[in-house]
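K.L.:
Residue numbers (my numbering): 290 to 588.
As structure tokens, this is what we get:
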């Protein structure tokens, strides 16, 4: 299939031809062909993406947010198995501190890595104990992996201790049906008894330190958005998804479960980015400790 044929192609296609595989980036959207990207249509049948595509030289896939949660997740799963990175196509974010304070940002990232390693070493007995408790109290894996939006809109798998029943993701839309804010439910029936206790003190978040070591997260930063939430952010506010997410952040220590409006949380994150300093990160870290011990806003 040639590029000029795509504009009039039916909205559902189930394959990507050889001519497409030569491109280093593929943008999945509804629209026309752009000079630097191959534009495909939104409703691609991702479960039929060919083995030829998975073995191609394409290494980066850029996706329009309007593609939808299910298709984005399926695409990310396929690309993960073939070591291809998936990015959301986002508006430019001028608030990013790494652009305005590059040297200070390098210091922050170095401190992130060293602190995460130290905390992991200190808390390793606690984490091992939690793993044993999870394994003995319910069936299923110890860890929970979920696609989140990271720096520059790149999808990554966040790591947490499992606090829900096995295959809880399959019941997600039943629990969250009609919800307009963040996907947090105080009486979520999928949460186990042990999981509810772990969530109260944010113990399920500890494995995110591995995400910090891998460079996917920071100790302090905006909330790592789940796909369900990220794709519902309105308009230009989507630029906030360019930021490096953190294990804790301004929203977690100031509002958390008391402020679930998507726009309000996003504005809180953008304000943090605009006013970022190493000192502000240190203050958030110091505020996190008593908040965690008190179970502030957790469920």
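The C-beta atom is built at its ideal place from N, Cα and C for all residues, glycine as well.
Report all residues from its chain with a CB closer than 8 Å to the CB of residue 419; omit the five preceding and five following residues, and keep chain order.
P.N.:
450, 487, 492, 495, listed in sequence order.
K.L.:
Sort 555, 557, 441, 514 by Cα distance to residue 379 and report the nearest one.
P.N.:
The shortest Cα separation from residue 379 among 555, 557, 441, 514 belongs to 441.
K.L.:
Quick check on DSSP: helix, strand or coil for residue 346?
P.N.:
If DSSP states are grouped into helix, strand and coil, residue 346 belongs with coil.
K.L.:
Please say whether residue 512 and residue 558 have beta carbons closer to each other than 9 Å?
P.N.:
Against a cut-off of 9 Å, the Cβ pair of residue 512 and residue 558 comes out as a contact.
K.L.:
Quick one: residues in its chain with C-beta nearer than 8 Å to the C-beta of residue 521, no 5 flanking neighbours on either side, listed in chain order?
P.N.:
So the list reads 551, once near-sequence residues are dropped.
K.L.:
When the Cα atoms are used, what is the spatial distance from residue 445 to residue 565?
P.N.:
Approximately 24 Å between the Cα atoms of the pair.
K.L.:
Does DSSP classify residue 374 as helix, strand or coil?
P.N.:
Reduced to three states, the DSSP call for residue 374 is strand.
K.L.:
From 455, 432, 382, pick the residue whose C-alpha is nearest to that of residue 480; which is it?
P.N.:
Nearest C-alpha to residue 480: 455.
K.L.:
What is the DSSP secondary structure of residue 521, counted as helix, strand or coil?
P.N.:
Note: residue 521 maps to coil in three-state DSSP.
K.L.:
Assign residue 515 to one of three DSSP states: helix, strand, or coil.
P.N.:
Note: residue 515 maps to strand in three-state DSSP.
K.L.:
Just the Cα atoms here: how many angstroms apart are residue 421 and residue 577?
P.N.:
Looking at the two C-alpha atoms, the distance is approximately 26 Å.
K.L.:
With residue 589 as the anchor, note down where its alpha helix (DSSP H) starts and where it stops.
P.N.:
Any property of residue 589 remains undetermined from this structure, which presents the chain solely from 290 to 588.
K.L.:
Can you tell me the Cβ-Cβ gap for residue 529 and residue 382, rounded? I've got them flagged as a contact below 8 Å.
P.N.:
Between residue 382 and residue 529 the Cβ distance is about 7 Å, and since that is below 8 Å, they are a contact.
K.L.:
Using 10 angstroms around the beta-carbon of residue 339, count the other beta-carbons present and answer buried if the total reaches 16, otherwise exposed.
P.N.:
With a pLDDT of 37 at residue 339, under the threshold of 50, the modelled position of this residue cannot be trusted; read the value that follows with caution. Classification for residue 339: exposed.
K.L.:
For the putative contact between residue 385 and residue 507, defined by C-beta atoms under 8 Å, what is the C-beta separation to the nearest angstrom?
P.N.:
Going by Cβ atoms, the distance from residue 385 to residue 507 rounds to 12 Å, so no, they are not a contact pair.
K.L.:
With distance defined between alpha-carbon atoms, name the residue in 452, 398, 433 nearest to residue 477.
P.N.:
Among 452, 398, 433, the Cα nearest to that of residue 477 is on 452.
K.L.:
Once you ignore the five residues that flank residue 406 on each side, which residues in its own chain have a CB closer than 7 Å to its CB?
P.N.:
Answer for residue 406: 502, listed in chain order.
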